[in-house]
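Chains as they are written, first to last, in our numbering: chain A, 9 to 899; chain B, 131 to 277.
Backbone N, C-alpha and C define an ideal beta-carbon position, used for all residues, glycine too.
Source: prediction; values computed, not measured.
Below: one structure, written as structure tokens.
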Amino acid sequence: MPADSALSLNSSPVATVGTITLLAAYLVAAWTVAAGIAGNVRKSPRLILSSVYGLYAFAALAALASALIVYAFMTHDFSIKYVAATSDISMPVWYKLTAFWGGLDGSLLFWVFVLGVFAAIAVRANQRRHRDMIGFVVATIMIVQLFFLSLLIFHKNPFSTYLTNPPVDGQGLNPLLQNYWMVIHPPSLYIGFVAATIPFAFGIAALASGRLDNSWLASVRVWMMICFFFLSFGLILGGRWAYEELGWGGYWAWDPVENAGLIPWFTSTAFLHSALVQEQRGTMKVWNLSLVILTFFLTIFGTFMTRSGVVQSVHAFGEDSVLALQFIVFMALILIVSFGLVLFRAHRLSKALEFESFLSRDFAFLVNNWILLACAGFVTFATMFPTISEAVDGSRVSVGPGFFNKWMTPIGLVLVALGGVAPLLAWRKTTRERLYNQFLFPVAAAAVVMGGAALWPPTRVLTPIFADSINLPMVLVTLGVIAFAVASIAQEFWRGTAVRRRQTASDPLTSLIGLVLSKRRKYGGYVVHLGVAVMFLGFAGKAYERMRDRTIERPNVAATDGKHSGGSWFEVGGYDFFYEKLITDSNDNRTAVFAQVSIYKDGELISTEFPAKFSYMRSEQPTTEVAIHPRVTEDVYLVLTGYDGESELANFRVYINPLINFVWLGFLLLSLGTFICLIPQRLVDALAPRRRTKLGRAAELAVALLVGGAVTLGLAQQALADDAPVRVAQAGGEHATGMGVDGTGYAHRERPESEVATKLMKELVCLCGGCKREDIYSCKCGYAAGERQKVNEMLRGKDLSTEAGRQQAYDEVIRAFVANYGGEHVLNTPTNSMSWLLPSLAAIGGLGLLLGVGLRWVRRGQATLGQLSAAPAEIDPEYGDRLDDELRDVD
Amino acid sequence: MKKQTLYKLILTASVVVGGAGFLFYSSVGNAQHYKMVDDLMKAPSEWVGREMKVHGWVQPGSIHEEIVDQEMRRSFVLQHSGKKLYVTHMGPKPDTFRDQSEVVATGNVVQQPDGTYAFHASELMAKCPSKYEGAQSNKKLKEPVFQ
């Protein structure tokens with residue numbers, strides 16, 4: 009038994025309780041796996057329930073163990089090795105908390121804790137819905153937990169103690185990690201990694217139980233989105249940390265540890281797209297399951313890369329061959345079992361993927377998936393290149409960031425372009441007219457931007473892509489692609505809002521909010537695309553980065569020529585810098601040396617900055633504290649790269665980073681988009697109460713976004729959200745009928761006033777979205793009552809005494825309804841069968857939902873439905889068709 | 131197998147193989163070799179003009195620095211297993227760069243007018259064993275004994 013094993017009893021009570029907690033958790037996990045599998049196989053509700061409770065108990069034990077280690081940090085229990093290794097007495101409280109995941113042992117425990125919490129939420133949310141597979145879900149999650157827990161107990165116990173006298177003080181956390189971004193960056197990445205386990209568990213459970221319909225997809229999608237968000241968040245925070253803390257002027261260097269987070273990001277993004285194709289077309293099931301498995305596998309693989317020392321990296325955890333072996337065995341197990349199950353069920357999963365046209369959204373999604381997968385493959389290959397090459401011929405060969413950029417820049421641009429193209433295409437097939445109509449504006453925008461930018465010579469600089477022999481003006485191409493994507497998305501918002509305005513007769517702001525809230529996944533997705541396009545603008549700025557090293561022998565020496573040159577002056581990228589003095593400042597934790605530097609632009613002082621070097625008491629290596637002066641268009645980034653305390657000589661490195669703020673801005677948009685996608689339906693419902701003022705509506709939106717931002721809450725609710733659209737749609741009729749909110753007795757309201765009315769009402773379909781195409785005569789919802797009211801009102805004053813008059817009135821109403829809804833899908837027996845084929849059932853539901861939700865917004869004292877029907881909105885039929893087509897993907 | 135399926139398979143396979151082949155081709159051009167000083171000095175002429183990394187220890191007393199026009203120019207000798215390499219560098223030095231420190235220099239081998247070989251480093255990285263937790267790998271290479 010290893011010396012640091014959990015079973016070596018120790019003196020610290022916290023450590024003893026902690027170790028016992030881990031052991032108890034191990035037992036609980038083992039039982040839970042057995043009970044979950046047996047429960048589902050033998051269809052025993054009691055065993056399944058037992059496994060679910062076991063999972064909760066496990067989460068509680070993991071939380072207890074985490075609380076104990078945090079307590080040990082707070083109380084400076086240096087008899088625990090891990091506490092002594094990663095903290096010390098003088099460290100601020102926040103960093104003591106950070107120290108929990110600052111080292112390998114603690115990060116593994118943190119992993120177990122987060123997965124425990126996530127699993128409890130996911131199982132709680134899906135327990136009733138997926139009763140016949142929840143046992144397998146629990147078992148899969150707990151097998152993963154068992155793996156990490158066994159690492160903790162047998163190899164990396166965070167509670168192991170010193171056998172001899174404990175040290176008086178700890179060694180302290182690596183100073184590079186004592187940064188506020190580091191408080192949130194690693195947990196964010198871990199959370200992203202851990203969140204990938206939940207979709208995996210559902211995928212495996214679906215395969216094991218044989219429930220291979222689309223029902224598991226909804227639960228999985230939400231968790232994949234959470235995984236996507238936290239991976240994005242973790243990656244960007246890591247970038248920001250590197251930018252502020254490492255002092256090399258950049259935010260991304262294709263370091264193996266960064267790549268470890270990026271690779272599953274690609275596959276999770278691919279899944280979020282291909283899941284839509286499965287929803288729409290019922291195909292790509294094997295593909296989607298494979299993506300879920302692959303994403304999970306890659307999170308484990310990423311952990312393996314960074315924890316086992318298999319790749320060299322500045323911030324890998326170091327070499328550990330025992331850990332490496334354990335990971336390899338576990339990874340092999342994942343692949344064999346998962347893909348074994350896929351093969352086992354393959355006959356029930358495969359459905360040929362057929363495309364009607366290359367100019368369809370389906371195909372665009374497929375291309376997107378191929379490219380994302382190629383990205384994942386490329387980054388894996390290039391990251392592992394040194395390892396592969398060392399294994400092949402023993403020589404250590406690496407590829408630098410330049411190689412990554414040569415490949416990833418063009419591939420990334422294709423993805424951004426696809427993000428602009430796909431929304432313009434229809435599912436199945438895009439007609440020629442639509443193609444022209446849709447692409448005209450974005451293509452024109454791209455042409456104008458590229459034409460304008462080409463007038464400025466620096467944009468025409470050639471950059472190599474793929475290989476050194478292929479050179480293209482990549483900045484120009486990037487600008488064009490970004491313009492295209494942004495214009496395409498703007499056009500979608502513009503047209504969607506316009507259609508909604510006509511349908512609801514509300515003001516643009518209300519329409520926009522209503523549009524986004526009613527189709528959150530679609531428009532949230534567009535906002536994400538927009539965010540990525542904006543980030544690429546920031547990436548393009550990298551091409552114009554300027555960097556200079558300057559050594560100034562003495563501070564505060566006036567310029568030799570009376571201007572800003574010579575002496576302590578230096579110039580970089582149009583800015584003049586004056587080195588004023590060197591300041592030393594010490595406290596218990598560190599000694600800091602600051603250089604005071606004034607920055608001038610066009611002769612005027614714009615800022616005084618203090619780049620510094622910190623020497624921590626417990627670390628022999630000083631850290632570089634960068635000074636960043638942010639401007640709208642660029643950052644002035646100043647690094648004190650070295651100094652001489654006696655002569656006050658200072659070395660500076662200055663970077664001018666144009667457009668860099670677009671990277672962060674783009675990420676904010678990406679977050680906003682993800683939050684919109686994650687807003688639960690019940691929240692939208694809750695927001696429906698009247699608000700008469702714009703302020704009130706703005707407040708509603710703010711609340712929606714804020715609450716949507718509380719992701720953990722959001723995910724729980726989203727996972728629980730069931731058939732809520734029906735409720736919205738039905739409630740949407742309240743206004744139309746002027747009835748109470750309770751919604752009772754709609755079936756008896758607005759009954760037909762004549763025979764023609766009866767006939768019409770039996771012909772017209774209720775488009776509320778929840779009625780499965782019942783006619784408005786028999787549908788009991790409030791929306792149908794509203795529609796009946798329309799029919800009755802339209803017939804009033806018409807001559808219904810003669811057969812010809814009745815027929816004329818009948819035709820008029822039918823025409824009005826067809827025009828109003830932009831298609832014959834509103835009819836039970838459409839005259840044109842082709843027009844009926846196109847919009848599917850779901851599309852009608854979607855349009856009904858759009859209208860239903862819209863009606864709620866209309867209640868803000870706007871036009872009445874009566875007026876609406878009197879003046880049917882003229883919806884561009886082409887766009888109406890497309891809306892129908894797209895509305896199928898309504899939540 | 132239907133003919134059409136066969137075509138699809140051939141097309142897919144050729145795209146994948148072609149892509150992978152091109153990837154390998156382009157990676158060879160961009161590969162950055164990593165050599166110990168003695169390894170490099172066996173046949174330095176082979177490496178002229180190729181960006182690479184060289185690993186060695188700073189010979190005590192060899193560091194020479196001068197400031198020319200606000201730029202710090204630095205030269206030193208990197209050695210390992212009795213072989214030596216003259217390195218020039220401009221810009222910031224790592225905090226732990228000093229006599230006997232273990233250094234990985236990134237740059238190019240150039241041939242001097244006198245026929246000897248020197249290394250123009252664009253970046254210096256000083257290895258620091260205690261920087262990261264458990265960074266045992268850095269200790270694998272035993273520091274040589276300086277005469």
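- The beta carbon of Val176 of chain A sits closer than 8 Å to the beta carbons of Phe86 from its chain, once the five residues preceding and following it are set aside; these are given in chain order.
- The beta carbon of Arg139 of chain A lies closer than 7 Å to none in the same chain, with the five residues before and after it left out.
- Per DSSP, Glu287 of chain A is one residue of the alpha helix (DSSP H) stretching across Pro264 to Arg289.
- Taking 8 Å as the upper bound for CB-CB distance, Leu197 of chain A and Gly246 of chain A are in contact here, some 7 Å apart.
- Of all residues in the stretch 212-231 of chain B, those with a C-beta nearer than 8 Å to a C-beta of chain A are Met220, Gly221, Pro222, Lys223, Asp225 and Thr226, reading in chain order.
- Beta-bridge annotation (DSSP): His637 of chain A is paired with A:Val644.
- Within the stretch 397-411 of chain A, those residues whose Cβ lies closer than 8 Å to any Cβ of chain B are, in chain order, Ser397, Ser403, Arg404, Val405, Ser406, Val407, Gly408, Gly410 and Phe411.
- For the alpha helix (DSSP H) assignment, the uninterrupted runs of no fewer than 4 residues enclosed by the stretch 460-533 of chain A are, from N- to C-terminal side, 482-512 and 516-526.
- Just measuring C-alpha positions, the residue of A:Leu63, A:Pro53 and A:Pro450 sitting nearest Leu426 of chain A is A:Pro450.
- At a cut-off of 7 Å between C-beta atoms, Ala566 of chain A does not count as an interface residue with respect to chain B.
- Contact between Phe602 of chain A and Phe618 of chain A is confirmed by a C-beta separation of about 4 Å, below the 8 Å threshold.
- Bounds of the alpha helix (DSSP H) holding Met190 of chain A are Tyr188 to Ala203.
- Taking 8 Å as the cut-off between beta carbons, none of the residues of the stretch 580-595 of chain A comes near chain B.
- The residue among A:Ala765, A:Cys789, A:Pro760 and A:Glu761 with its C-alpha nearest the C-alpha of Cys774 of chain A is A:Cys789.
- Counting of Cβ neighbours within 10 angstroms places Tyr103 of chain A among the buried residues, the total reaching 16 or more.
- Going by beta carbons, Ile490 of chain A and Ala455 of chain A fall outside the 7 Å limit.
- Collapsing the DSSP output to three states places Gln134 of chain B in a helix.
- By the Cβ neighbour-count rule, Met82 of chain A is exposed, with fewer than 16 other Cβ atoms within 10 Å of its own.
- When C-alpha distances from Asn187 of chain A are compared across A:Pro688, A:Phe547 and A:Trp249, the shortest belongs to A:Trp249.
- At a C-beta separation below 8 Å, Glu561 of chain A has these neighbours in chain B: Ile197.
- For Tyr583 of chain A, the enclosing beta strand (DSSP E) begins and ends at Tyr583 to Ser594.
- Rounded to whole angstroms, the separation of the alpha carbons of Gly650 of chain A and Met220 of chain B is 13 Å.
- Distance from the CA atom of Leu280 of chain A to the CA atom of Thr631 of chain A, rounded to whole angstroms, is 40 Å.
- Shown in chain order are the members of the stretch 457-476 of chain A whose Cβ falls below 7 Å from a Cβ of chain B: Phe474, Ala475 and Asp476.
- Cβ-Cβ separation between Leu433 of chain A and Val350 of chain A: approximately 30 Å, too far for a contact (criterion under 8 Å).
- Secondary structure at Glu201 of chain B: strand, using DSSP grouped into helix, strand and coil.
- The way I'd put it, the stretch 528-541 of chain A doesn't touch the stretch 549-559 of chain A; fewer than three beta-carbon pairs between them come closer than 8 Å.
- Those residues of the stretch 647-674 of chain A placed with their C-beta closer than 7 Å to a C-beta in chain B are Thr649, Gly650, Asn659 and Arg661, ordered along the chain.
- At a beta-carbon threshold of 9 Å, the residues of chain A lying near Tyr155 of chain B are Ala475, ordered along the chain.
- For the pair Leu470 of chain A and Asn479 of chain A, the CB atoms are nearer than the 7 Å cut-off.
- Between Ser496 of chain A and Thr505 of chain A, the gap from beta carbon to beta carbon reaches 7 Å or more.
- With a threshold of 16 other beta carbon atoms within 10 Å, Ser573 of chain A falls short and is exposed.
- When 8 Å is used as the limit between beta carbons, Phe386 of chain A is near these residues of chain B: Leu153, in chain order.
- With a beta-carbon spacing of about 50 Å, Gln162 of chain B and Ser217 of chain A fall beyond the 8 Å limit used to define contacts.
- Under the three-state reduction of DSSP, Asp113 of chain A is assigned to helix.
- Collapsing the DSSP output to three states places Ser231 of chain B in coil.
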